[in-house]
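J.:
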Amino acid sequence: MKNKLSQSLLLCVIFFSCVQKKDNNLIEHVNLDSLMSNKSDRSFIQQVQYLPLETNENSMIARLDVMKKQGNKIFILDKTLSTVFIFNDKGDFVSKINKKGRGPGEYLYLKDFFVSNDKIHLLDCTGQFFIYDMNGHFINEIKLPFQANYCENLTDSIIVFQEININGKLE
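Under full-length UniProt numbering, the residue at position 34 of the sequence shown is numbered 34, and the numbers go up by one with no gaps.
Have a look at this one:
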């Protein structure tokens, strides 16, 4: 059920994120009865709202891979660009984290991220874990003893990783 909800929300964001924003308070309502193919589809969600994201030279998303909302901000990971885009809850572009490279605070390829305690935590393909503030400024870098594809925080002190071992199996 959670997967259906995520897919539906992702579809709405992808579909409507290309709409140019004209009014800062624009929120459209969609009638789900006309979109749902059968009665069971309506059980997990009653209404869809979409929020056009500001489109400018700094906020052009190539591919939406991961999307998270924390407080009044929306975070979108574009793995193609290895960039995390940050928007406010009105759809206005706030900033982005785009530090691709090999220097301090830079990463090669982003795999996943999460937001916790007013910090953005980024997982790199090399087993590096980067921490940035909510404005996208670098704070710290941690070398993990493994490589992982996904990460998520369960509590303030527990982070879960999906590790890739030598045989390519997930752990």
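Every residue, glycine too, gets a C-beta built ideally from N, C-alpha and C.
Computed from a predicted structure; not experimentally measured.
1. Among Phe75, Gln128, Gln147, which has the Cα closest to the Cα of Ser116?
2. For the beta strand (DSSP E) holding Ser116, just list the boundary residues, first then last.
3. On the three-state DSSP scale, how would you describe Cys125?
4. Drop a sphere of 10 angstroms on the beta-carbon of Ala148, count the other beta-carbons inside from all chains shown, and report buried for 16 or more, exposed for fewer.
5. In the DSSP assignment, find the beta strand (DSSP E) that holds Met67 and state where it starts and stops.
6. In chain order, what residues of the same chain lie with their CB nearer than 8 Å to the CB of Lys119, ignoring the 5 residues before and after it?
7. Measuring alpha carbon to alpha carbon, tell me which of Ser157, Gly127, Leu53 ends up nearest Asp89.
8. Going by DSSP, what residue range makes up the beta strand (DSSP E) through Tyr107?
9. Taking 8 Å as the cut-off, decide whether the C-beta atoms of Lys96 and Tyr107 are in contact.
10. Determine the direct distance from the alpha carbon of Met67 to that of Lys111, and round the result to whole angstroms.
11. Measuring only the C-alpha atoms, how far is Cys125 from Val48?
12. May I ask which residues mark the beginning and end of the beta strand (DSSP E) holding Asn56?
13. From the DSSP output, which residues share a beta bridge with Asp133?
14. Apart from the five residues on each side of it in sequence, which residues of its chain come closer than 6 Å, Cβ to Cβ, to Asn25?
15. Does Gly91 pass the burial test, meaning 16 or more other C-beta atoms within 10 Å, or should it be called exposed?
16. Quick check: Gly127 and Leu144, are their CB atoms within less than 8 Å of each other?
17. Apart from the five residues on each side of it in sequence, which residues of its chain come closer than 6 Å, Cβ to Cβ, to Gly71?
T.: To lay it out plainly:
1. Ser116 has its Cα closest to that of Phe75, out of Phe75, Gln128, Gln147.
2. Where Ser116 is concerned, the enclosing beta strand (DSSP E) stretches over 110–116.
3. Shown here, Cys125 sits in coil according to DSSP, grouped into three states, outside any helix or strand.
4. Under this definition Ala148 is a buried residue.
5. Counting along the chain, the beta strand (DSSP E) containing Met67 begins and ends at 66–70.
6. Taken in chain order, the residues that qualify are Ile131, Tyr132, Asp133, Met134, Ile139.
7. Considering only alpha carbons, the answer is Leu53.
8. Secondary structure note for Tyr107: it is in no beta strand (DSSP E), with a DSSP letter that is neither H nor E.
9. With contacts defined by Cβ atoms closer than 8 Å, Lys96 and Tyr107 do not form a contacting pair.
10. In this model, Lys111 and Met67 are separated by some 13 Å (Cα to Cα).
11. Going by the C-alpha atoms only, they are around 34 Å apart.
12. Neither: Asn56 is in no beta strand (DSSP E) and is coded neither H nor E.
13. For Asp133, which the question treats as bridged, DSSP gives the partners Lys119.
14. Residue confidence is low: Asn25 scores 48 on pLDDT, short of 50, so the model does not pin down where it sits. No coordinate-derived value is stated.
15. Buried, since its Cβ has 16 or more Cβ neighbours within 10 Å.
16. Result yes, Cβ atoms of Gly127 and Leu144 sit closer than 8 Å.
17. None.
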